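Okay, so here's the structure we're looking at.
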Amino acid sequence: MRKIILMLLVLVISLGASAQKKGKNPLMNWYNKDLTKDKTFGVSTEKAYKEILANKTATPVIVAIIDGGTDIKHEDLKNVLWVNTDEIPGNGIDDDKNGYIDDVNGWNFIGNPDGRNVQWDNLEVTRVYRKYKDVFANGGTDGDPVYEMYKKAKAKFDENSGTNPQTATFLTMEKTFRKADSLIRLHLKKETYTLKEITKIKTDDTQLSTAVSTAKFWLEQGVKYSDIKAYADYLDGNAKYSYNLDFDPRSIVGDNWEDNSNRYYGNNDVAGPDPSHGTFVAGCVGAQRGNGIGVDGIAGNVQLMIVRVVPDGDERDKDVANGIRYAIENGAKVINMSFGKSFSPQKQFVDEVLPLAEKYDVLLVHAAGNDGENNDVVTNYPENRDAKGNKITQNWITVGASSKTAGIMLPASFSNYGKQNVDLFAPGVDVWGLEPGNKYGSASGTSMASPIAAGVAAVIRSYYPQLTAAEVKEAMMKSVTPYDGEVTKPAAEDGKVMIKFSELSVSGGVVNLYNALKAAEEIAAKKK
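My numbering puts the first residue of the sequence shown at 28, with every later residue one more than the last.
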C-alpha cells in the first residue's frame with residue numbers, strides 16, 4: 028500500500044497540471060524571485076533584469092522547444108515565436124529548400140503530409156520487447172548487448188504491463204474510492220469537498236460511513252479522487268498504448284523509423300493533437316515578459332522554434348536526432364529537451380547528430396528525469412555519452428528539479444540526480460505556467476526545470492552573444508546558488524534518507540540568472 032501511494036503521489040506531482048484561466052496565483056512568479064530578497068529559491072530573474080540588464084542591449088536568440096507540440100496561438104506565446112521568413116506560409120512549396128514544406132514556426136516529425144498526427148505511442152520498452160521476444164524465445168548469449176537490452180526490457184514490461192498484482196490492487200482501490208466519492212458528493216450536494224467537511228459528516232448509513240472512511244484515508248495522504256482517477260487513466264493508457272504489443276501507430280508517419288537515411292518526413296503542424304506539455308515548457312523559457320497577462324518567462328528576447336517529436340508515449344530515436352538536426356541547421360542557439368526514456372535501441376542516430384552542437388555553437392539542455400533515480404547508475408536517454416562512456420559534446424546541460432524553499436525538501440522528491448551526470452538544479456515544483464487555450468496552471472517536473480535553465484542560457488546568449496555555448500555553460504555552472512545542507516534524498520521510500528544537496532549534482536547548486544550574468548561578464552571581459 029505504501030509503495031502504491033508513493034508512486035501515485037510522484038505521478039500526480041510530476042505529470043499533473045491544474046489548468047485555470049487568467050488571474051493571480053501565489054505560485055505564479057516564485058521561480059523568478061531571489062533567495063536573499065524574497066526568501067524563495069528562485070533564479071533571481073527580476074533582480075537580474077532590474078539591476079544588470081536595464082540599460083543593456085539584447086540580441087534575439089532562437090530557442091528550440093523539442094517536445095510534444097505547442098499552442099502557437101497562445102496569448103503569451105504568439106508574439107515570441109520563431110518565424111522562418113524564407114518560407115511563404117501555406118503555399119505548399121519548400122521556398123527555402125531546406126527539405127521541409129511550409130515550416131513557418133518549426134516542424135512536426137511525428138505526422139504525415141496528409142495532416143494526420145501520432146498522438147499515442149508505445150513506450151520504448153514495449154517496442155524493444157516486441158521486436159526481440161521471438162528472437163530470444165529460447166534465450167540468448169549473456170553479455171550480448173542486444174540480449175542484455177532485451178532482458179531488461181522484458182523484466183520492465185512484465186512489471187508494468189498491467190497484469191502485475193500491484194496494478195490490480197490499485198484499480199480495485201480506485202473503484203472503491205470512485206463509489207465513495209460519488210456518495211459523498213451526493214450527500215453534501217457539491218462537486219468538491221475537503222477533509223474537514225467530510226470529518227463533520229455524522230451518519231448511521233453504513234454505505235456513507237464507509238465512504239467517509241475511504242475518502243478520509245486518501246485525503247489524509249494528500250490525494251483527491253481526481254488524482255486517483257488520473258492515475259487510473261494513466262494505467263488505462265498503459266494498457267491501450269504504452270504496453271500494448273498490438274498497437275503501433277508509426278504507419279501514420281509512413282517512414283522506416285529504424286532507418287535514418289531519410290530525414291525529410293512529417294508535417295508543419297507544430298501543435299499536434301495535445302500541445303499541453305510543450306506549451307508549458309515553451310512558456311517557462313519565454314512567455315512574453317511585461318505584457319501584463321499570464322506569466323513572465325525567463326528570457327525576454329527569444330524566438331521560440333517549435334519542433335514536435337514526443338508523442339504520449341516514448342519518443343523514437345530517429346525523431347529526436349532529426350529534431351535536433353532541424354533545430355541546429357535552422358538557427359537555434361539553445362535547444363530544450365524535456366523528455367527522456369529508459370531504452371534507446373537506435374542511440375547511434377542521436378550520437379551522430381550531437382557533434383553538430385559544437386560545429387554550430389549550440390547549447391543543449393536536457394531534463395534529468397522524474398523517477399527519483401541516480402543518473403550515475405541508470406541512464407535517462409538521450410544521453411551525452413558514447414558507447415564507451417565518453418562525453419560527446421561539451422555543449423550539454425542536464426537539469427534536476429528543485430523546490431522553492433531552502434531546507435531538507437529543496438530537491439524535488441521525484442527528481443533524478445547524479446554527482447557526475449546531472450549538472451545543476453532549477454525550479455521544478457509548483458511552477459505556474461501556460462496551458463493551451465490561453466489558460467494557466469501549475470505543474471511540477473524536471474520538464475519545468477529544464478526550460479527554466481534553458482531560459483537562463485538564452486538570456487546570457489542574448490546579452491553576451493560573443494560567448495560560445497561552452498562558455499555560457501561555464502557561466503551557469505560556476506555561478507549556481509549553492510546549498511551545502513542536508514536534504515531528503517529523492518524517492519527515498521524507506522523513510523527519509525539524508526544527503527548533502529551538493530552531492531546531487533556536478534555544480535552542487537541551483538541555477539541563478541543574476542549570478543550567471545555576472546560570471547558571463549567576467550568571461551566576456553577576458554576575451555577582449
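The beta-carbon is built from N, C-alpha and C at its ideal position, and this holds for glycine as well. Since the structure is predicted, the reported quantities are computational estimates derived from the model, not experimental observations.
Pick from the options that is closest to residue i, judged by C-alpha positions
| i | options | result |
| --- | --- | --- |
| Ile115 | Asn295, Tyr156, Lys227, Thr194 | Asn295 |
| Pro619 | Lys64, Gly299, Lys523, Val322 | Past the boundaries of the shown model lies residue 619; the chain is included only from 28 to 555, so the question cannot be answered. |
| Arg316 | Gly327, Glu186, Thr306 | Gly327 |
| Val329 | Leu246, Ser429, Asn118, Pro87 | Pro87 |
| Gly367 | Ala259, Tyr541, Val392, Ala195 | Val392 |
| Pro559 | Leu494, Pro492, Glu530, Glu498 | Examination of residue 559 is not possible in this model, given that the chain is present from 28 through 555 alone. |
| Gly117 | Asp232, Asp130, Phe244 | Asp130 |
| Val269 | Gln193, Met332, Glu342, Met364 | Reading off the sequence, residue 269 comes out as Ser, not Val. Ser269 has its Cα closest to that of Glu342, out of Gln193, Met332, Glu342, Met364. |
| Val377 | Ile351, Asn402, Ser369, Pro517 | Ile351 |
| Gln421 | Asp121, Val173, Ala428, Leu383 | Leu383 |
| Gly95 | Lys267, Tyr387, Thr194, Asp339 | Asp339 |
| Leu390 | Val486, Val514, Val173 | Val486 |
| Asn363 | Ser71, Val70, Ile92, Leu544 | Ile92 |
| Ala354 | Asn106, Asn125, Ala547, Asp103 | Asn125 |
| Ser71 | Ser469, Lys516, Gly464, Val507 | Val507 |
| Ile424 | Gly319, Gly249, Asn411 | Asn411 |
| Leu451 | Val426, Arg157, Val334 | Val426 |
| Asn265 | Asp511, Glu151, Asp141, Asn465 | Glu151 |
| Ser234 | Tyr258, Ala259, Ala207 | According to the sequence provided, residue 234 is Gln. The question's Ser does not apply to it. It is Ala207. |
| Val280 | Lys555, Gly138, Asp122 | Gly138 |
| Thr153 | Ala182, Ser469, Ser209 | Ala182 |
| Glu379 | Ser534, Ser240, Gly133, Asn287 | Asn287 |
| Phe370 | Thr196, Ala180, Ser188 | Ala180 |
| Pro463 | Asn357, Ile99, Glu78, Lys77 | Ile99 |
| Thr194 | Pro302, Asn465, Lys527, Asp260 | Asp260 |
| Asp511 | Asp65, Tyr174, Ala433 | Ala433 |
| Glu102 | Val155, Ile89, Arg205, Asp323 | Asp323 |
| Gly293 | Gly305, Glu285, Val334 | Val334 |
| Asp388 | Arg205, Gly358, Asn402 | Gly358 |
| Val458 | Gln447, Pro300, Gly472, Asp344 | Gly472 |
| Asn465 | Thr306, Thr203, Glu201 | Thr306 |
| Trp134 | Ser534, Val336, Lys374 | Val336 |
Exposure label - residue i; buried when at least 16 CB within 10 Å
| i | result |
| --- | --- |
| Asp254 | buried |
| Asn144 | buried |
| Met504 | buried |
| Asp113 | exposed |
| Pro192 | exposed |
| Ser429 | buried |
| Glu186 | exposed |
| Met525 | exposed |
| Lys251 | buried |
| Lys48 | Because the pLDDT of Lys48 is 45, which lies under 50, any placement of that residue in the model is unreliable, and the number read from its coordinates should be weighed accordingly. Burial call: exposed. |
| Ala395 | buried |
| Ala484 | buried |
| Val449 | buried |
| Met28 | Interpretation of Met28 is limited by its pLDDT of 47, a score under 50 that renders its predicted location unreliable; the figure taken from the coordinates is listed afterwards. Its Cβ having fewer than 16 others within 10 Å, Met28 is exposed. |
| Leu222 | exposed |
| Asn397 | buried |
| Gly50 | Residue placement at Gly50 cannot be trusted, given a pLDDT of 47 that sits under 50; the coordinates are not used to answer. |
| Ile320 | exposed |
| Pro302 | buried |
| Thr219 | exposed |
| Ala414 | exposed |
| Leu69 | Position check: residue 69 holds Gly in this sequence, whereas Leu was assumed. Classification of Gly69: buried, given that the 10 Å Cβ count is 16 or more. |
| Leu544 | buried |
For residue j and residue i, believed in contact at Cβ under 8 Å, the rounded distance
| i | j | result |
| --- | --- | --- |
| Val557 | Ser474 | Missing from the structure shown is residue 557; the chain here goes from 28 to 555 and no further. |
| Asn347 | Pro409 | The question names Asn, but residue 347 in the sequence shown is Val. Indeed they touch by this definition, with Cβ atoms about 6 Å apart. |
| Ala298 | Thr97 | 6 Å |
| Ser442 | Gly455 | 7 Å |
| Ala81 | Ser489 | Not confirmed; about 14 Å, so no contact. |
| Gly19 | Ala518 | For the chain, the structure presents residues 28 to 555; residue 19 sits outside this window and is missing. |
| Tyr310 | Leu104 | According to the sequence as given, residue 310 is Gly; it is not Tyr. About 7 Å; that satisfies the 8 Å criterion. |
| Asp123 | Asn111 | 7 Å |
| Asn59 | Glu78 | The Cβ separation is near 14 Å, so there is no contact. |
Where are the alpha helix (DSSP H) runs, 4 residues long or more, that stay fully inside the region 259 to 337, in chain order?
-> 303 to 313
Report the residue ranges of all beta strand (DSSP E) runs contained in full by the region 383 to 417; include only those spanning at least 3 residues, in chain order.
-> 390 to 394
Residue ranges of each beta strand (DSSP E) run of no fewer than 3 residues wholly in the region 448 to 479, ordered along the chain?
-> 451 to 454, 458 to 462, 466 to 470
Kindly confirm or deny that the region 269 to 278 and the region 219 to 233 touch, where touching means at least three C-beta pairs closer than 8 Å.
-> no
Answer yes if the region 227 to 245 comes into contact with the region 162 to 171, meaning at least three C-beta pairs across the two stretches below 8 Å, and no otherwise.
-> no
Segment contact, 8 Å Cβ cut-off, at least three pairs: the region 428 to 446 with the region 491 to 500 | no
Uninterrupted alpha helix (DSSP H) stretches inside the region 149 to 192 (no shorter than 4 residues) | 151 to 159, 172 to 187
The region 535 to 554 touching the region 471 to 490, judged by at least three CB pairs closer than 8 Å = yes
Kindly provide the ranges of any beta strand (DSSP E) runs that are 3 or more residues long and lie completely inside the region 49 to 109, ordered along the chain.
-> 88 to 94
Write down every uninterrupted run of the alpha helix (DSSP H) in the region 188 to 235 whose length is 4 residues or greater and which is fully enclosed by it, in chain order.
-> 192 to 215, 222 to 226
Unbroken stretches of the alpha helix (DSSP H), 4 residues or longer, contained in the region 479 to 530 | 496 to 505
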